[in-house]
Amino acid sequence: FDDRDGFIWMNGSLRPWRDANIHILSHALHYASCVFEGERVYSGEIFKLREHTDRLIASAKILGFDIPYTADEIDAACKETVAAQGFKDAYVRPVAWRGSEMMGVSAQATKINLAVAVWEWPSYFDPEERLKGIRLDMAQYRRPAPETAPCKSKAAGLYMICTISKHAAEGKGYADAMMLDYRGYVAEATGANVFFEKDGKLHTPTPDCFLDGITRRTVIDLAKARGVEVIERHIKPEEMAEFNQCFITGTAAEVTPVSEIGEYRFTPGEITKQLMDDYTALVNRAGTSAAAE
Ligand code: PMP
6 FDDRDGFIWM NGSLRPWRDA NIHILSHALH YASCVFEGER VYSGEIFKLR EHTDRLIASA
66 KILGFDIPYT ADEIDAACKE TVAAQGFKDA YVRPVAWRGS EMMGVSAQAT KINLAVAVWE
126 WPSYFDPEER LKGIRLDMAQ YRRPAPETAP CKSKAAGLYM ICTISKHAAE GKGYADAMML
186 DYRGYVAEAT GANVFFEKDG KLHTPTPDCF LDGITRRTVI DLAKARGVEV IERHIKPEEM
246 AEFNQCFITG TAAEVTPVSE IGEYRFTPGE ITKQLMDDYT ALVNRAGTSA AAE
């Protein structure tokens, strides 16, 4: 991924992709003092950019550091990188981390760095294929309690258990893993939130120990706009037997139907398809209207 043409924004200016390097003694590498975002560009516009920027700043604050740029400056850096890369449909990765000025658990004197990378990510339009649904294994690890980890921060360190869980699932032929929370309730996939359907209503876990995704909130609004009731509550794993439909939501996943989680089976249906269509229409409309302004 590091050997390609293009530009990455790093600490105030664009530099060639291959030169966007950091020192091996960066605190973030050793102690996970790092937060990041994942954003999508549709038709040249970053979807919900300010919400992502606000979350990035909040994530850093939760880990005890301030990003040395304002929200306006971070938005501008993201837009500048998108423009420099020239992709119309892309993924944006802002990342902020503690540098290499001192080494140890205490890192008070480290400099806070910010970078933004953008790579091409074509919109994927094959609803028929997607409606077959993806298969998820049950994850070995659980989302930690709020008293155990800074679970409201999109912090690099919290992804350690996600990568382990996703690799284990992929090793068994699954697309992803479903994580329970510390109490044993259904929580989320390794990089996406989850929804279930029963009797025409949607049920989704209360995000009290994992990210309340921007896509999750968007899809709740889209469902309500269609008159579909959305119930946020604690969901026991065995309740999955009673649900008909299931899908996951996230910036990368968008609305992705799920056919299988562990021993439970789902059949993607009308509500899932409508929300996939509504989400696709929304992100494209957002891009078009912003571009027209
Ligand atoms: N949970 C986790 C662990 C994630 O990594 C993501 C992706 N950022 C989400 C949920 C969904 O968040 P969003 O809809 O804001 O992308």
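So in full-length UniProt numbering, spot 214 of the sequence shown is number 219, and the numbers just go up one at a time. By construction, the Cβ of each residue, glycine as well, lies at the ideal position given by its N, Cα and C atoms.
Open item on the list: On the DSSP bridge list, what partners appear for Glu237?
Closed with: Thr209
Task: Asn198 burial status per 10 Å Cβ neighbour count (16 or more: buried) - done: buried
Open item on the list: Is the beta carbon of Pro149 closer than 8 Å to that of Tyr187?
Closed with: yes
Task: Inter-residue Cα distance where the pair is Arg290 and Lys93 - done: 14 Å
TODO: Please classify Gly138: is it buried, with 16 or more other beta-carbons within 10 angstroms of its beta-carbon, or exposed?
DONE: buried
Open item on the list: the ligand PMP and Thr254: does any heavy atom of the ligand fall closer than 7 Å to the residue's C-beta?
Closed with: yes
Open item on the list: Can you list, in chain order, the residues of its chain with a C-beta nearer than 7 Å to that of Ala180? Leave out the 5 residues immediately preceding and following it.
Closed with: Ile139, Arg140 and Leu141
Open item on the list: Our contact map puts His57 next to Ile225 with C-beta atoms below 8 Å; I'd like the distance itself, whole angstroms only.
Closed with: Going by Cβ atoms, the distance from His57 to Ile225 rounds to 18 Å, so no, they are not a contact pair.
Open item on the list: One question on the structure: do Ile51 and Leu61 come within less than 8 Å of each other, judged by their Cβ atoms?
Closed with: no
- [ ] Just tell me which of Thr211, Glu42, Thr254 and Ala257 has its CA closest to the CA of Ile236.
- [x] Thr211
Open item on the list: Considering only DSSP beta bridges, list what residue 5 is partnered with.
Closed with: As shown, the chain starts at 6 and ends at 298. That puts residue 5 outside it, with no answer to give.
- [ ] Return the first residue and the last residue of the beta strand (DSSP E) that Pro21 is part of.
- [x] Ser18 to Pro21
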